[in-house]
Every structure is written in C-alpha cells, then in structure tokens.
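Here our numbering runs 22 ahead of the position in the sequence shown, where the first position is 1. The beta-carbon is built from N, C-alpha and C at its ideal position, and this holds for glycine as well. Structure first, commentary second.
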Amino acid sequence: GGVGRGKTYLMDNFYESLPFEEKMRAHFHRFMRRVHHDLKSLSGEKNPLEKVADSIASEARVICFDEFFVSDITDAMILGTLFEHLFKRGVTLVATSNIVPDGLYKDGLQRQRFLPAIALINKHCQVVNVDGGVDYRLRALEQAEIYHSPLDAEAEEALDLAFRSLVPAAEEVQGGVSIEVEGRSIPSRFVGEDVVWFDFQALCHGPRSQNDYIEIACEFHAVLVSNVPVMTVAMEDQARRFINLVDEFYDRSVKLIVSAEAELESIYTGTRLAFEFERTRSRLLEMQSRDYLARAHRP
C-alpha cells in the first residue's frame, strides 16, 4: 500500500505477538547488506547462498522485512535463489512495500532474472492491500513543520515532538546509539524504527562521504538534524557535505527535519559554493511542500 497507511505498524504488532524467539525483523536494505557480507565471507565455497539460507533459517522461522524495494541488480540476481532456499527450509516471509510484487524491480536491468523471485513471493505469500484511509505519516509530518530556527528551546522541543510523532512506539526508541555506515560509526541522538535523529556535527564534520548519505537515505525514511550552524567561509567543507546530504535525501524522498541557527536564506554565507547552495536552498524549500512529504520513500 501507499505511504503512511500503517503497514509497518501492522507488521510490528504481528512480530511482537509471535510467541517464540526465532524471528527476525529488519529493514530490507539492512538485511541485504548482511547477505552480501555473508556471501563475501563464503567466497570460493560451493553453493554459498544455500549456506547463507541455512544461517538465516537457523536464526528465524519468520522474517519481517520493512520497505521491500529492489533497485540493485546484484540484489535482484540473488533474491530468487535465496528465497527458494529459505522457503524450502520453512521460513515464513512477511514484508511491507509500496509496490505490489509484480511491480518490483520494474524496468530494472535484466529484470527477467528477477521474475523467479516474484513468482516465489506470489506462490508463498498472500498479498494484502492496505491502501485507502488516512495517511498518518503525512499528517504527522505536516504538523511537525520541517525547518526550525533559531536554535532555541522551542526548536529543540519541536524536533523532539516531531520524532515522537513519527515513532509513536516509545519502546522502539534507542538513545545515544551509533549507526554503522560504510564500516564507520556515526553517533545518533535517537533512533527508532526507520527514523533517526543526528546532530549536524556528527553528519557533516570529519571524514564523511557521499556514500554515507546514500546509506542513511536507504535505511531511514525520515532524518532529523539538530544544530545546523550558519556555514561561513571557514566551513566550506561542512557546507559541501550538507549539500551532498540534501541531494541524496532529496533523490530518495527522505523526509528531513532541521533545526538551524538562521533562516534558510541566511544559512550559508560562504563564497566557494554559492551556486551549488542555491540548489540546496531550493530543494529544502521543496522538501517542505505537501507534494514532497506525500512521496514514497525510495530506498
């Protein structure tokens, strides 16, 4: 079903109600990262996907995927065989997606090689459409507002309220944990479900690459960033990272909620990136629109 219809909420309630420990809940992108890691460690061995399936099946009788979305040709090549092995081992798949199974990886490179995976999903899973009704996530985002300045108690309170409205299940929230991205740890303020809250310094100071922002954009549908400073001529590197961050989040329809030292038109006062930052301002304005907020996340 579409965005904000309660798919993740339903799946999480199902997962929590399962009366056994052999279960797994993962964002689909994170699950595939684990599969690729396991395959790499089995390099040179015979039938590595069978061994990966054995490992997963030993951990979980039920796998719950959030945001099942295939865009990578390598994932598409793997999934048919992996699903076949998992279903043979009696693993049950429960997944949320904005796309019906027959529409997955549409127009993707060598899509015909992904069709067996679709056939297996249709054979072993019941498709339940939960479209219609209220878009709860959009309503929460519209009420939250997206850009808060100056940096005061009111802005901090607004981000806290936005985070809690996007992750209503308090037991899902973890504070002060680090997110593993591209083999490096990035400290977060809070993380819950597919929502994360960072400080600007954690995201835009130090050795951060565009790949870090791609990874975050794939894993989280909403990102909160506190304490965005006025980026002066002495902060061109941080400004460049912020530009890259906004570009990647925009491209994947991530919802970005910010607290900043100044209004949007005054947040960059450097010179070297003046042209590029105009695009960033434009995108940040568009990211506050109802049309943008209603877009489906594109992991």
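- Excluding five sequence positions before and after Ala79, the CB atoms of its chain that fall closer than 7 Å to its own CB belong to Leu108, Arg111, Val113, given in chain order.
- The count of Cβ pairs closer than 8 Å, one atom from the region 118-129 and one from the region 85-98, reaches three, so the stretches are in contact.
- Taking a C-beta distance under 7 Å as the contact criterion, Gly23 and Asp153 qualify as a contact pair.
- Given a length threshold of 3 residues, each whole run of the beta strand (DSSP E) inside the region 45-78 is given here in chain order: 45-49.
- Comparing alpha carbon positions, the residue from Ala82, His49, Leu126, Gly228 closest to Val92 is Leu126.
- The three-state secondary structure of Asp153, taken from DSSP, is coil.
- A straight-line Cα-Cα distance of about 32 Å links Gly205 and Leu137.
- Contact annotation: Cys226 and Gln260 have beta-carbon atoms nearer than 7 Å.
- Secondary structure of Asn249 (DSSP, three-state): strand.
- Per the C-alpha coordinates, the member of Ala82, Lys128, Gln223, Asn35 positioned closest to Ala98 is Lys128.
- With fewer than three CB-CB distances shorter than 8 Å, the region 133-149 does not count as touching the region 215-224.
- Assignment of His170 by DSSP, reduced to helix, strand and coil, places it in the strand class.
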